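Structure, as structure tokens:
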Amino acid sequence: MENALYVGLSQQMVLERQMEMVANNIANLNTTAFKGERPVFQEYVMQAGQNKPVSFVLDYGVSRDSRAGVLTPTDSPFDVAMNGDGWFSVQTPNGVRYTRNGHFTMDPDGRMVTREGYALLDDGGGEITIDQPELGTPVIGRDGTVAQGTNQIGRVGVFTFANDQQLRAAGDSLYEAPAGAAPTAANDTAQVVQGMLEGSNVQPVVEMTRMIDLQRRYQTMQNLMTSDHDLQRTAIQRLGRVNQA
Amino acid sequence: MRSLSIGATGMLAQQLNVEVISNNLANLSTTGFKRQRAEFQDLLYENLKRMGTSSSDAGTVIPSGIQLGTGVKTGSVYRIIGQGNMTMTENTYDMAVQGRGYFRVELPSGDEAYTRAGSFQLNGDGQLVTQDGYTVQPGIVIPQDATEVSISASGEVAVSVPNQVTPQVVGQLDLATFINPAGLEATGNNLFLETPASGTPTTGIPGDVGFGTLLQGFLESSNVNPVQEITNLISAQRAYELNSKVITASDEMLQTVSQLR
Chain A
1 MENALYVGLS QQMVLERQME MVANNIANLN TTAFKGERPV FQEYVMQAGQ
51 NKPVSFVLDY GVSRDSRAGV LTPTDSPFDV AMNGDGWFSV QTPNGVRYTR
101 NGHFTMDPDG RMVTREGYAL LDDGGGEITI DQPELGTPVI GRDGTVAQGT
151 NQIGRVGVFT FANDQQLRAA GDSLYEAPAG AAPTAANDTA QVVQGMLEGS
201 NVQPVVEMTR MIDLQRRYQT MQNLMTSDHD LQRTAIQRLG RVNQA
Chain B
1 MRSLSIGATG MLAQQLNVEV ISNNLANLST TGFKRQRAEF QDLLYENLKR
51 MGTSSSDAGT VIPSGIQLGT GVKTGSVYRI IGQGNMTMTE NTYDMAVQGR
101 GYFRVELPSG DEAYTRAGSF QLNGDGQLVT QDGYTVQPGI VIPQDATEVS
151 ISASGEVAVS VPNQVTPQVV GQLDLATFIN PAGLEATGNN LFLETPASGT
201 PTTGIPGDVG FGTLLQGFLE SSNVNPVQEI TNLISAQRAY ELNSKVITAS
251 DEMLQTVSQL R
């Protein structure tokens, strides 16, 4: 008899989690290279003794929207965006991480680093050091080649994965590759664009409609649970009236 | 409910965005001002079901898992170094740099600061100084009897003195460049200081490759583009509103719960 309540509860729990994802997407509306996320739900079927099974809802996973965000010009020579499929790789204290946030700067040693100070890696896994300040601002070519004047310093590494969904978000625009997922160099397919940054791919209108939709579903489920509750109460009251002649 | 606090981080981020934009707009007419841009990053993620963990004895693995983001934070507010427009002032000691170089200025502390605002004047000793009276490096003294001062594109300061046909060279201005000018620290009053992120300054003569040339009688205006800033302002305001809607919606969801008897 309480099944309706528990089924409703299972939906409210996943809706609440979906709301959290929508909130996170909206909060990251202006985050460089942010990728919107959606929950993936699945049905959990319980064979309830009688011939009618009861199905609950469960959140099963997260799917990341891998579409590219809009590129915006920033005029900063150390900002690079990626046109096409691929990731930049950076060396963090916890190992190599991947990012599409191309806002780099220069550290005191002349290395190209993220704002946390993690070194940007080249296509061979080495650091990119701009060691001749007198030659002026580096120029980054479409294929990732970093040059100062006629001197080629390095090549920004661009990597792809067989399945981007396997990457785990680590915050700070960084993603971690699972053990065993080997990246392939993709400097020939993706283009690197200097002086631009990739925006977030969150579409506010879509998020807003989703939010309204899930809020209403939450209320509907609430009403259903209240009706079920009323039904039970009425049943108990009616059955309780023994001598009603 | 986490979405309440997530929405709050979003509102905070957009508030900072509006602050940066309003500072840009406030400095629309500031000589040599370089606009700033706020850059955001996603906050840490909470792993509710870690991807890659096994889901059975047979070794099957959860492919995507459940990760919940917890909001947004400000990554950095950085300066965009782009040439501003040239405004003609016809003032003898006004100079604009067309290119990457910075004028060198000696602070009262003896340290060196860098500026793009070339609105210079003479002090009582005939020295070339900034609006605040700090000397422009290398020190240039204009003789009292000079009738005309001309500064060439390559920074040569020449004066005409009575009873002399040929102009007399009294000094040579130089410029400093940085490999990463966005890393300079702004101290207000149009002055910038060297930081580890900017790299050390390289000094050179205007006209050398990469330094830019001087333009006498002109000033560089700010590189703020009002149309772009207003567009950014509108988008920041809307993003702020969207985040507040998230909070309202989460609140209403909580309210439905509290109405459950």
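Chains as they are written, first to last, in full-length UniProt numbering: chain A, 1 to 245; chain B, 1 to 261.
A virtual CB, placed ideally from N, CA and C, is assigned to each residue, including glycine.
Only a predicted model underlies this, so the values are computations on that prediction, with no experimental measurement involved.
> What are the boundary residues of the alpha helix (DSSP H) that Met21(A) is part of?
Replying inline: Locating residue 21(A) in the first sequence gives position 21, counting from the first residue. The continuous alpha helix (DSSP H) containing Met21(A) extends over residues Asn3 to Ala27.
>> Please report the distance separating the alpha-carbon of Gly195(A) from that of Ile140(A).
In response: Start at 1 with the first residue of the first sequence, and residue 195(A) comes out as number 195. Start at 1 with the first residue of the first sequence, and residue 140(A) comes out as number 140. Cα to Cα, Gly195(A) sits roughly 9 angstroms from Ile140(A).
>> So, with DSSP's three-state summary, where would you put Glu19(B)?
In response: In the second sequence, counting from the first residue as 1, residue 19(B) sits at position 19. If DSSP states are grouped into helix, strand and coil, Glu19(B) belongs with the helices.
>> Looking only at its chain, what residues have a beta carbon closer than 7 angstroms to the beta carbon of Gln148(A), apart from the 5 residues adjacent to it on each side?
In response: Mapped onto the first sequence, residue 148(A) falls at position 148. Here the set comprises Ile130, Gln132, Leu135, Gly136 and Pro138.
>> Once DSSP output is grouped into helix, strand and coil, what is the label at Gln36(B)?
In response: The sequence position of residue 36(B) within the second sequence is 36, counting from 1. Strand, per DSSP.
> Quick one: is Phe34(A) near chain B, going by C-beta distance under 8 angstroms?
Replying inline: Locating residue 34(A) in the first sequence gives position 34, counting from the first residue. By this cut-off, Phe34(A) is an interface position.
> According to a CB-to-CB cut-off of less than 8 angstroms, which residues of the stretch 91-118 of chain B neighbour chain A?
Replying inline: Against chain A - using a Cβ distance shorter than 8 angstroms - the residues of the stretch 91-118 of chain B are Arg100.
>> Is it buried or exposed, Pro226(B), if we count other Cβ atoms within 10 angstroms and call 16 or more buried?
In response: Taking the first residue of the second sequence as position 1, residue 226(B) is located at position 226. Pro226(B) should be labelled exposed.
>> Suppose the cutoff is 7 angstroms on Cβ atoms and the five residues either side in sequence are ignored; what does the same chain contact list for Gln165(A) look like?
In response: Translated into the one-based positions of the first sequence, residue 165(A) becomes position 165. Closer than 7 angstroms at the Cβ level, and outside the excluded window around Gln165(A), lie Ser63 and Arg64.
>> To test your reading of the DSSP string, which unbroken beta strand (DSSP E) runs of 3 or more residues are found completely within the stretch 56-95 of chain B?
In response: Counting whole runs of 3 or more residues, the stretch 56-95 of chain B contains the beta strand (DSSP E) stretches 66-69, 72-79 and 86-88.
> Does Val18(B) get closer than 8 angstroms to chain A when you measure Cβ to Cβ?
Replying inline: As a working mapping, residue 18(B) is identified with position 18 in the second sequence. So no, Val18(B) is outside the interface.
>> For Leu224(A), which residues in the same chain have their Cβ closer than 6 angstroms to its Cβ, ignoring the five residues on either side in sequence?
In response: The residue labelled residue 224(A) in the question sits at position 224 within the first sequence. These residues qualify, in order along the chain: Gly8.
> Roughly how many angstroms separate the alpha carbons of Gln232(A) and Asp213(A), rounded to a whole number?
Replying inline: By one-based count along the first sequence, residue 232(A) stands at place 232. By one-based count along the first sequence, residue 213(A) stands at place 213. For Gln232(A) and Asp213(A), the distance between alpha carbons rounds to 29 angstroms.
> Going along the stretch 194-225 of chain A in order, which residues come within less than 7 angstroms of chain B, judged by CB to CB distance?
Replying inline: Pro204, Met208, Met211, Gln215, Tyr218, Gln219, Gln222 and Met225
> Residue ranges of each alpha helix (DSSP H) run of no fewer than 4 residues wholly in the UniProt domain "Flagellar hook protein FlgE/F/G-like D1" (81-146) of chain A, ordered along the chain?
Replying inline: Counting only runs of 4 or more, we get nothing.
> Would you say Asn3(A) faces chain B, with C-beta separation under 8 angstroms as the test?
Replying inline: Within the first sequence, numbered from 1, the residue matching residue 3(A) stands at position 3. Judged by the 8 angstroms Cβ criterion, Asn3(A) is not in contact with chain B.
> Listed in chain order, which residues of the stretch 22-54 of chain B have Cβ atoms closer than 7 angstroms to some Cβ of chain A?
Replying inline: Arg37, Glu39, Phe40, Gln41, Asp42, Leu43, Leu44, Tyr45, Met51 and Gly52
> At least one CB of chain B closer than 8 angstroms to the CB of Met13(A): is that the case?
Replying inline: Translated into the one-based positions of the first sequence, residue 13(A) becomes position 13. Output row for Met13(A): interface = no.
> Sorted by chain position, which residues of the same chain lie with C-beta nearer than 8 angstroms to Asp109(A)'s C-beta, five sequence neighbours on each side aside?
Replying inline: Start at 1 with the first residue of the first sequence, and residue 109(A) comes out as number 109. Result list for Asp109(A): Thr129, in chain order.
> Using a beta-carbon distance below 8 angstroms, is Gly61(A) in contact with chain B?
Replying inline: In the first sequence, counting from the first residue as 1, residue 61(A) sits at position 61. Against chain B, the CB of Gly61(A) has a partner CB under 8 angstroms away; the residue lies at that interface.
> Span of the beta strand (DSSP E) holding Ser55(A)?
Replying inline: Counted from its first residue, the first sequence places residue 55(A) at position 55. Counting along the chain, the beta strand (DSSP E) containing Ser55(A) begins and ends at Val54 to Arg64.
> What residue range is occupied by the uninterrupted alpha helix (DSSP H) comprising Ile212(A)?
Replying inline: For this step, residue 212(A) is matched to residue 212 along the first sequence. Note, Ile212(A): alpha helix (DSSP H), Pro204 to Gly240.
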